[in-house]
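In our numbering, the protein residues as written are -6 to 114. See below for the structure under consideration.
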């Protein structure tokens, strides 16, 4: 999934969601999220996140992960993953590994390495 924010023909922001697996569970990874510097602090990033999460939920997805700052993404429902529940390839600060449950209890029993889901169509 990918969404853009525009003013006329001017692209001012974008967000992407890519299919991943965590252990045996299917999920999405949010990122990158980008907003043109001149349009930051105007709600563009939040609007893109909310649109992306709404479409992910409408498409039946239950979990969205990202690497980012909880004070920013927490406003959209993301929280720090309990320590040891998930790992990413490469060095990632575990305090910045966040998840948003799009369905109650979606994270229950989910753990393991996060990796691309090459089987997603």
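Don't be surprised by glycine CBs; every beta carbon is placed ideally from N, CA and C.
Can you name the start and end residues of the alpha helix (DSSP H) that residue i belongs to?
i	result
residue 37	37 to 51
Assuming residue i is part of the beta strand (DSSP E), what are its boundary residues?
i	result
residue 94	90 to 94
residue 12	3 to 15
residue 64	Element bounds for residue 64: not the beta strand (DSSP E) but the alpha helix (DSSP H), 63 to 66.
residue 109	105 to 109
residue 25	18 to 28
residue 56	56 to 60
Assuming the contact rule is C-beta atoms closer than 8 Å, residue i and residue j should be a hit. Round their C-beta distance to whole Å, please.
i	j	result
residue 107	residue 80	7 Å
residue 10	residue 57	7 Å
residue 91	residue 66	6 Å
Please return the same chain residues whose Cβ sits closer than 8 Å to the Cβ of residue i, not counting the five positions on each side in sequence.
i	result
residue 27	6, 7, 8
With which residues is residue i paired in a DSSP beta bridge?
i	result
residue 74	Residue 74 pairs with nothing; no bridge assigned.
residue -6	Partner(s): none; residue -6 has no beta bridge.
residue -1	4
residue 80	106
Excluding five sequence neighbours on each side, which residues of the same chain lie with their C-beta closer than 7 Å to the C-beta of residue i?
i	result
residue -1	5
residue 25	9
Apart from the five residues on each side of it in sequence, which residues of its chain come closer than 6 Å, Cβ to Cβ, to residue i?
i	result
residue 104	16, 78
query = Quick check: the region 73 to 86 against the region 41 to 50, are there 3 or more CB pairs under 8 Å?
reply = no
ask   = Between the region 91 to 102 and the region 54 to 71, are three or more C-beta pairs nearer than 8 Å?
value = yes
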